[in-house]
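Numbering (this note's numbering), first residue to last: 67 to 619.
Working notes, beginning with the structure itself.
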Amino acid sequence: MDTAKRPMYQWKAIRWAKVERMVFKLQKRIYRAAQRGATKQVRRLQKLLWRSRAAKLIAVRQVTQDNRGKCTAGVDGKTALTPAGRLALVEELKLDGQAQPVRRVMIPKPSGTEQRPLGIPTIADRAKQSLVKLALEPAWEAKFEPNSYGFRPGRSTWDAIGAIYVQINQKPKWVLDADIAKCFDRIDHAALLRKLDANPTVTRQIKAWLQAGVMEVGELFPTEAGVPQGGPLSPLLANAALHGLEEMIGQAFPRRGRTPAVIRYADDLVVLHPDREVIEQGQALMAHWLREMGLELKPSKTRIRHTLEVVEGGAGFDFLGFNIRQYPSRARRGYKTIIKPSRVSVTRHHRQVRDVTTRHRMQRQRRLIEALNPVIRGWSHYFSTVCSKETFGKLDDRLRQRLRAWVRFRHPNKRRKWGYARYWQREDGKLHFRPRAGGQRLYFHAETPIRRHVKVQGRRTPYDGDEVYWSTRLGHHPAVKPRTARLLKQQQGRCRACGYRLKMGDVLEVDHILARAQGGRDEAANWQLLHRYCHMEKTAQERRRCACQAPHA
Numbered sequence: 067m068d069t070a071k072r073p074m075y076q077w078k079a080i081r082w083a084k085v086e087r088m089v090f091k092l093q094k095r096i097y098r099a100a101q102r103g104a105t106k107q108v109r110r111l112q113k114l115l116w117r118s119r120a121a122k123l124i125a126v127r128q129v130t131q132d133n134r135g136k137c138t139a140g141v142d143g144k145t146a147l148t149p150a151g152r153l154a155l156v157e158e159l160k161l162d163g164q165a166q167p168v169r170r171v172m173i174p175k176p177s178g179t180e181q182r183p184l185g186i187p188t189i190a191d192r193a194k195q196s197l198v199k200l201a202l203e204p205a206w207e208a209k210f211e212p213n214s215y216g217f218r219p220g221r222s223t224w225d226a227i228g229a230i231y232v233q234i235n236q237k238p239k240w241v242l243d244a245d246i247a248k249c250f251d252r253i254d255h256a257a258l259l260r261k262l263d264a265n266p267t268v269t270r271q272i273k274a275w276l277q278a279g280v281m282e283v284g285e286l287f288p289t290e291a292g293v294p295q296g297g298p299l300s301p302l303l304a305n306a307a308l309h310g311l312e313e314m315i316g317q318a319f320p321r322r323g324r325t326p327a328v329i330r331y332a333d334d335l336v337v338l339h340p341d342r343e344v345i346e347q348g349q350a351l352m353a354h355w356l357r358e359m360g361l362e363l364k365p366s367k368t369r370i371r372h373t374l375e376v377v378e379g380g381a382g383f384d385f386l387g388f389n390i391r392q393y394p395s396r397a398r399r400g401y402k403t404i405i406k407p408s409r410v411s412v413t414r415h416h417r418q419v420r421d422v423t424t425r426h427r428m429q430r431q432r433r434l435i436e437a438l439n440p441v442i443r444g445w446s447h448y449f450s451t452v453c454s455k456e457t458f459g460k461l462d463d464r465l466r467q468r469l470r471a472w473v474r475f476r477h478p479n480k481r482r483k484w485g486y487a488r489y490w491q492r493e494d495g496k497l498h499f500r501p502r503a504g505g506q507r508l509y510f511h512a513e514t515p516i517r518r519h520v521k522v523q524g525r526r527t528p529y530d531g532d533e534v535y536w537s538t539r540l541g542h543h544p545a546v547k548p549r550t551a552r553l554l555k556q557q558q559g560r561c562r563a564c565g566y567r568l569k570m571g572d573v574l575e576v577d578h579i580l581a582r583a584q585g586g587r588d589e590a591a592n593w594q595l596l597h598r599y600c601h602m603e604k605t606a607q608e609r610r611r612c613a614c615q616a617p618h619a
């Protein structure tokens, strides 16, 4: 058989830039047709998209190469596919109305007291869901409300916090801080399918996923309600189920100045208005509207607060890990709006740092630094858009105490000065927690600069085709590291391997142009930014080249 026709070589020869362009072009057409209300054209274009080979290739690549959970097994036990297996799945991929049960795994919630059920579909079902999402998402992005921010392309928690700041900065307001009880587990299937109003083929396929059942400890349980968390399509279905809440509140209070602001991130939401009576009426309307979808507000996590005044034991509220509150001041308005990390988030992070240092008491300093740095960097970058400087300083003080305790445990008979000389190195007039032999140093919270986040504009979405706007946002996004932002600017927003643009939502990786094994240095001149799949392919080619050049025994 000719090697050029073998599936494993065909996958490597795919021109991903061309495939991405074809799919994105169709998605933009779907988005524009949905904006015009041309339902027939939307369905025709969606059908064209899910039948196209390009969309099937991207769907398979997303679940087998791009996604972080790509190696998680479903009920069939498959964790990965070879290049030949990926192409075989592309050929077999079609919306046939069939679905396998999901494998249920319980994961702890951030609070630590409750667990969240996670439903993991098989690789084939995940690929089907990604294919359906590619077709449905552009049409729903044209409908979604402007203050919906959860699990949508180009939007984030920082945008939701920015929207709240815009609403309360000019005037203190009453807040309904609400949480929907077990949102993903209780969505009514019939109501959801009616709301989706999709093509009959897609409707049958989604219905099959919703009713496929859950496999737990070898036993199959039916699913009469809810959307299993863990699949690529689940967040989009949940957003579709909750779509219309903001519009309903607006129609109930049509008079200008009386309309409450509804800001939602997935199943967490807040309602803001200067009048408490309006907030209470909005809560009653919301509870009635949610019952139609089989949902209800969670009483223990739903409360009415004021951003400035102390009521019911406190002022302000917590949302998405942030504490949002206004404090009296001598400023012209008489108050100042301050958003900072919530006390719960700070306590949880401190415990995580403590647990890491405890687990690594008998490990080398290098291992401790490698374990701590991702935890500190990730937490600090998440809160780097608000007033976190004081919190960062306090956490660093606690971290230094932890490090001193770590040194004392390892060397109980040594003095503190000896510990500093052994584990701390002075550079540029500062002490850094770094091994004497060199290597990575410990990253402290206060090293993260505070940069304000610019909220996404209105109903903007990546499917509108404004590359300049979205490329600029990507370079300044809080989730993008400074090194990545610099490389984005140097490469003019394009991947060095395939030449296609790097867009919001892509998994990006920094690559060494000349591999370290071949003598390349870890420095800016030797860095380039690639798509994850481009990086994986380049690494595989380098390994094959090294294997061919190695002397045979």
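Think of the CB as a built atom: it goes at the ideal place given N, C-alpha and C, for glycine as much as any other residue.
- Only buried fits residue 188, as 16 or more other CB atoms lie within 10 angstroms of its CB.
- Taking 8 Å as the upper bound for CB-CB distance, residue 238 and residue 373 are in contact here, some 5 Å apart.
- The C-alpha of residue 428 lies about 17 Å from the C-alpha of residue 500.
- Going by beta carbons, residue 510 and residue 462 fall inside the 7 Å limit.
- Distance from the CA of residue 165 to the CA of residue 193, rounded to the nearest whole angstrom, comes to 12 Å.
- For residue 600, the closest alpha carbon among the candidates 563, 354, 526 is that of 563.
- The three-state secondary structure of residue 181, taken from DSSP, is strand.
- Secondary structure of residue 403 (DSSP, three-state): strand.
- For secondary structure counted as the beta strand (DSSP E) over 3 or more consecutive residues, the stretch 529-579 holds these complete runs in sequence order: 574-578.
- Between residue 359 and residue 257, the gap from beta carbon to beta carbon is short of 7 Å.
- Residues of the same chain with a CB within less than 7 Å of the CB of residue 316, apart from the 5 flanking positions on each side, are 325 in chain order.
- In this chain, the alpha helix (DSSP H) harbouring residue 447 covers 431-448.
- Burial is judged here by how many other beta carbons sit within 10 angstroms of a residue's own beta carbon; residue 479 has fewer than 16 and is exposed.
- Residue 287 counts as exposed, since fewer than 16 other beta carbons sit within 10 angstroms of its beta carbon.
- Closest in C-alpha terms to residue 228, from the list 404, 468, 268, 504, comes 404.
- Out of 184, 208, 90, 222, the CA that lies nearest to the CA of residue 451 is found in 222.
- Counted as a single uninterrupted DSSP element, the beta strand (DSSP E) harbouring residue 173 occupies residues 168-174.
- C-alpha of residue 109 to C-alpha of residue 309: approximately 20 Å in a straight line.
- A distance below 7 Å separates the beta carbons of residue 575 and residue 598.
- Note that the C-beta distance between residue 215 and residue 331 is below 7 Å.
- With a cut-off of 8 Å on Cβ pairs, the stretch 524-544 is not in contact with the stretch 468-482, counting fewer than three such pairs.
- For residue 339, the enclosing beta strand (DSSP E) begins and ends at 334-339.
- In this structure residue 112 is buried. Its beta-carbon is surrounded by 16 or more other beta-carbon atoms within 10 angstroms.
- In the DSSP assignment, residue 189 falls within the unbroken alpha helix (DSSP H) covering 189-207.
- For the options 304, 466, 344, the alpha carbon positioned closest to that of residue 321 is the one of 344.
- For residue 393, the enclosing beta strand (DSSP E) begins and ends at 388-394.
- For the 7 Å CB-CB criterion, residue 279 and residue 167 form a contact.
- Under the Cβ criterion (8 Å, minimum of three pairs), the stretch 391-399 does not count as touching the stretch 422-440.
- Each residue's CA atom was taken as its position, placing residue 158 and residue 132 some 20 Å apart.
- Taking one beta carbon from each stretch, the stretch 261-278 and the stretch 361-369 have fewer than 3 pairs nearer than 8 Å; the two do not touch.
- DSSP, reduced to helix, strand and coil, places residue 588 outside both helices and strands of the structure shown, so it counts as coil.
- When beta bridges are read from the DSSP output, residue 595 appears opposite 576.
- Shown here, residue 143 sits in coil according to DSSP, grouped into three states, outside any helix or strand.
- Contact between residue 169 and residue 281 holds: their C-beta atoms lie close to 5 Å from each other, under 8 Å.
- Taking residue 503 as reference, the option from 430, 368, 528 with the minimal CA-CA separation is 430.
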